[in-house]
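So the structure is just underneath, and the comments pick up after that.
Numbering (our numbering), first residue to last: 4 to 111.
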């Protein structure tokens, strides 16, 4: 399970590097995108194990970021789309099957 943490960190860090290399106008969506990435990288760095708390944090990151990439005013380059797609595939392959949610589930 520790591999999930390492791979998630690597893929999200790659996404962050691609994003930093782009020239983006400063607006709410840009700041929110950057904040989401920085927050999850900190969580991944400080996490001692891969437990449901970490998986829920990854799911929150996934939902918030996919919404920003899909329907916000964020300018998305082809390189950023490719980096996001790599994380998206990892998320569905590794995070979702191991995530345990209890009770009603909505957008986080």
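Yeah, the Cβ is synthetic: ideal placement off N, Cα and C, and Gly gets one too.
Note that the structure is a prediction, hence the values are computed from the model and not measured.
At the level of alpha carbons, what is the spacing between residue i and residue j?
| i | j | result |
| --- | --- | --- |
| residue 36 | residue 16 | 13 Å |
| residue 5 | residue 104 | 20 Å |
| residue 51 | residue 43 | 14 Å |
| residue 45 | residue 30 | 23 Å |
| residue 12 | residue 48 | 8 Å |
| residue 9 | residue 99 | 16 Å |
Near residue i, which residues of its chain fall below 8 Å by C-beta distance, leaving aside the five closest residues on each side in sequence?
| i | result |
| --- | --- |
| residue 39 | 64, 67, 68, 71 |
| residue 77 | 27, 32, 33, 36, 71 |
| residue 14 | 86, 89, 90, 93 |
| residue 74 | none |
When the Cα of residue i is compared with those of the options, which residue comes out closest?
| i | options | result |
| --- | --- | --- |
| residue 23 | 45, 55, 80 | 80 |
| residue 19 | 98, 104, 83 | 83 |
| residue 112 | 76, 88, 62 | Here the chain has residues from 4 to 111 only, and residue 112 is not among them. |
| residue 3 | 54, 58, 9, 53 | The first residue shown for the chain is 4 and the last is 111, placing residue 3 beyond what the model contains. |
By Cβ distance, which residues of its chain are closer than 6 Å to residue i, with the 5 residues on each side in sequence left out?
| i | result |
| --- | --- |
| residue 97 | 7 |
| residue 54 | none |
| residue 25 | 80 |
| residue 41 | none |
Excluding the five sequence neighbours on either side, which residues of its own chain have a C-beta within less than 7 Å of the C-beta of residue i, listed in chain order?
| i | result |
| --- | --- |
| residue 60 | 43, 46 |
message = Which complete alpha helix (DSSP H) runs does the region 18–68 hold, if anything under 4 residues is left out?
response = 31–49
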